[in-house]
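Remarks on the structure that follows.
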Amino acid sequence: MTDTQTTGHPAAAGAPPALTALLQQTFPGVVTAHHAQYGDETAVIGRERMLDVFRFLRDDPRCRFNLMVDVTAVDYLPRVPRFEVVYHLKSLPLGHRLRVKVPVAAAEAGVDSIVSLWVAADWYERECFDMYGIAFQGHPNLKRLLLYEGFEGHPLRKDYPKGLAQPLVEMRPVRERYDYHDEYQPVRQPAEN
Amino acid sequence: MSNVKHTQPLDFGAEPMLIEVGPSHPATHGITRFTCRLDGEVILEMIPHIGYLHRGFEKEAEYATYHQIIPYTDRLNYVSPLINNVGYALAAEKLFGVQAPPRAQFARVIMSEVSRITDHLTCNAATAMEVGAMTVFLWFVKAREYLWEMVEEVTGARLTTAWTRVGGNANDFPDGFLPALEERLVKVEAVLKEGETLIMRNKIFLDRLKDIGILSRERAIAHGFTGPMLRATGEPYDVRRADPYLVYDQLDFEIPVGTVGDCFDRFTVRMEEMRQSMVILRQACDKLPPGDFHCRDRRVWMPDKYEVFNSIEGLIDHFKIVMEGPKPPPGEAYQAVEGGNGELGFYLVSDGSGKPVKCRVRPPCLNFVAAMPEMTVGHYVADIVPIFGSINMIGGELER
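Just so you know, the protein sequences line up as chains A and B, in that order. Just so we're aligned, residue 138 is where the first sequence starts under the working numbering, counting upward by one. Just so we're aligned, residue -10 is where the second sequence starts under the working numbering, counting upward by one.
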């Protein structure tokens, strides 16, 4: 652990770090908040132009974030907007990291899917949908990942009780269980990156 | 068996057949199901289904204090539990703004590298066994046992270690640990060499692994690969080097990379990484400084029993830590460590209370399983076994 990671303490007001400044300059008004707490550079962006911002972060020679490390969400009930989708990015050629957060007011409206930019986001977004019910608009196959079809609710939401028992799934006939033909889609072509 | 990937349907007009591989198949290392559509023996389509081992780690963590989460982290990757302990402790320390003293940091490096060797030994042993080399499996598991005995001496458990704490480690190394570790390392090295002699020039073994499950460097990065799987494609990304944590920046080691990105490269990268881990281990053992194995920060570390019984401050601190848990300032922290499978990240969000708002684990092998269709389509159904073996899927970490 280096010094910069441990000494930085809550929300440094002041000049934004390099990447955030670059985003502010390229997309005026999109970055609504930023901080570099504990050395993790963070930008909060609005939902409207998020795909443009992510494309810029991936393709611009000053950013080159080619590794989508993680996509997750946080439920801040009762705060409004309630959810935040959190993206962790890493640039292998340039070595820097960035955390991007997108606030989500209503889970059903959700955010735009970034699977078209990083195919790695596919399962992460599905897991997020599974656990928080956040709809990722434009995701090619937004289904539950860890839980089963028929599970009621989204367990990582703060209003989902920890000990809630789910009804047992009824036994299905074998034929129905193995009738996957509707489920089959042609194998998706690899996304552009 | 040829190593050519089939892109066209075979000649004989067989109807595509649907089979399920798993959920409880000996080659699935845990419980995973693949729905495959086959043309003869060639895989046309594959859909992985996961979630059989989902235990709600993240939900449980939201109801636990920062110290109570540590035992849960053992169960994430159960072939290298100490790396999970270390990763979580580092993330929590980042959030609290405390730092473990140097001896604790070196001790963590030592235990992490021991765990990395056990992790890679397990993976390579299983891969070898699944393509027929049963002897190699038995030898490697024997070598793993040597190291797990060392882990047991330090932590008291082989798998459920729960060894780190926020601000330090549970205990120091026992007497005579370092010479005993060196002794074991020599034995493990001999086993590695023996194992390699058996299989690295064995035609059956090579045919089953070479040019199987290739994923190019670009596709691997796009899929979010990290760890040995990414390094096998030639990308030298290692969290220990790219974003050094603990004292890895003071240690000299090399990052082995592959060229093609097939199962064989993954196997050899793991073999080489075990040797590099031993290089790190020997340096860290030499440099291990004297001193404390935990910090003295009263916000996270319990006061000594003498103080608890003899001073009011000690009693209050003890009570607060036990009843409410240590409280970090509000904020968020992400800490990545190089796990056995790749970048293992912990993302913690705090609202200032004794329990986290969010405790997220970034599982390295989720990306690998997600990329299974791309790696297997066009290969024979028998190739699922070495490909799936090479990704070292760990259910606990994949599904949390």
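No residue lacks a Cβ here, since even glycine has one placed at the ideal position from N, Cα and C.
- Approximately 6 Å separates the beta-carbon atoms of B/PRO245 and B/GLU262; this is inside 8 Å, confirming the contact.
- If you draw a straight line from the Cα of B/PHE357 to the Cα of B/ILE203, it comes to about 12 Å.
- Here A/HIS276 has SER250, VAL252 and GLU262 as same chain residues with Cβ atoms under 7 Å from its own Cβ, once five neighbours each way along the sequence are excluded.
- Around the beta carbon of B/GLU327, 16 or more other beta carbons lie within 10 angstroms, which makes this residue buried.
- Annotated three-state conformation of B/MET35 is strand, per DSSP.
- The Cβ atoms of B/MET6 and B/VAL366 do not sit closer than 8 Å to each other.
- For B/ALA322, the residues of chain A that pass the 8 Å Cβ criterion are GLN174, TYR175 and ASP177, in the order they occur in the chain.
- B/VAL98 and A/GLU245 have their C-alpha atoms some 44 Å from each other.
- A straight line joining the alpha-carbon of B/GLU302 with that of B/LYS309 spans about 10 Å.
- Ranked by Cα distance from B/GLU321, the first of B/PRO37, B/PHE335, B/GLY329 and B/ASN191 is B/PHE335.
- Residues of chain A whose Cβ lies closer than 7 Å to the Cβ of B/TYR52 are, in chain order, LYS299.
- Around the beta carbon of B/ILE39, 16 or more other beta carbons lie within 10 angstroms, which makes this residue buried.
- Between A/PHE288 and A/ARG281, the C-beta gap is smaller than 8 Å, which places the two residues in contact.
- By the neighbour-count criterion, in which 16 or more other beta carbons inside 10 Å mark a residue as buried, B/SER13 falls on the exposed side.
- Listed in chain order, the positions of the stretch 35 to 61 of chain B with a beta carbon within less than 7 Å of a beta carbon of chain A are ILE39, GLY40, HIS43, GLY45, GLU47, LYS48 and TYR52.
- Contact between the stretch 140 to 153 of chain B and the stretch 39 to 51 of chain B is absent: fewer than 3 CB-CB pairs across the two stretches fall below 8 Å.
- For A/VAL256, the C-beta contacts it makes with chain B under 7 Å involve ALA211 and HIS212, in order along the chain.
- For A/GLY166, the closest Cβ of chain B is not nearer than 8 Å.
- Closest in C-alpha terms to B/ILE20, from the list A/ARG294, A/ASP177 and A/LEU283, comes A/LEU283.
- Across the set B/ALA117, B/GLY341, B/GLU82 and B/LEU337, the C-alpha of B/ALA117 shows the shortest separation from the C-alpha of B/ASP196.
- Identification of residues in the stretch 147 to 172 of chain B having a C-beta nearer than 8 Å to some C-beta of chain A yields an empty set.
- Proximity of A/ARG236 to chain B, defined by a Cβ-Cβ separation below 8 Å, is satisfied.
- Contact of B/LYS83 with chain A is assigned, a C-beta pair being separated by under 8 Å.
- Counting only runs of 4+ residues, the alpha helix (DSSP H) found wholly inside the stretch 213 to 277 of chain A occupies 258 to 269, in chain order.
- Going by DSSP, B/LYS347 is part of the beta strand (DSSP E) stretching over 347 to 351.
- Between the alpha carbons of B/PHE253 and B/GLY213 lies a gap of roughly 20 Å.
- Residue-level contact check: B/ASN381 does not touch chain A, since none of the beta carbons of chain A fall below 8 Å from its beta carbon.
- Residue contact with chain B for A/ASP197: absent (no Cβ-Cβ distance below 8 Å to any residue of chain B).
- Annotation for B/TYR323: the continuous beta strand (DSSP E) segment containing it runs 320 to 327.
- When DSSP states are grouped into helix, strand and coil, B/THR24 belongs to the strand group.
- When DSSP reads this structure, B/ILE8 sits in a beta bridge with B/CYS25.
- Not a single CB atom of chain A sits nearer than 8 Å to the CB of B/GLY341.
- If you draw a 10 Å sphere on the C-beta of B/PRO345, you find 16 or more other C-beta atoms in it, and that means buried.
- Excluding its 5 nearest sequence neighbours in each direction, B/THR107 has C-beta neighbours in its own chain below 7 Å: VAL68, SER69, ARG133, LEU136 and TRP137, listed in chain order.
- Annotation for B/SER104: no beta strand (DSSP E) segment contains it, though the alpha helix (DSSP H) segment containing it runs 91 to 119.
- Interface annotation, A/LEU229: in contact with chain B, CB-CB separation under 8 Å.
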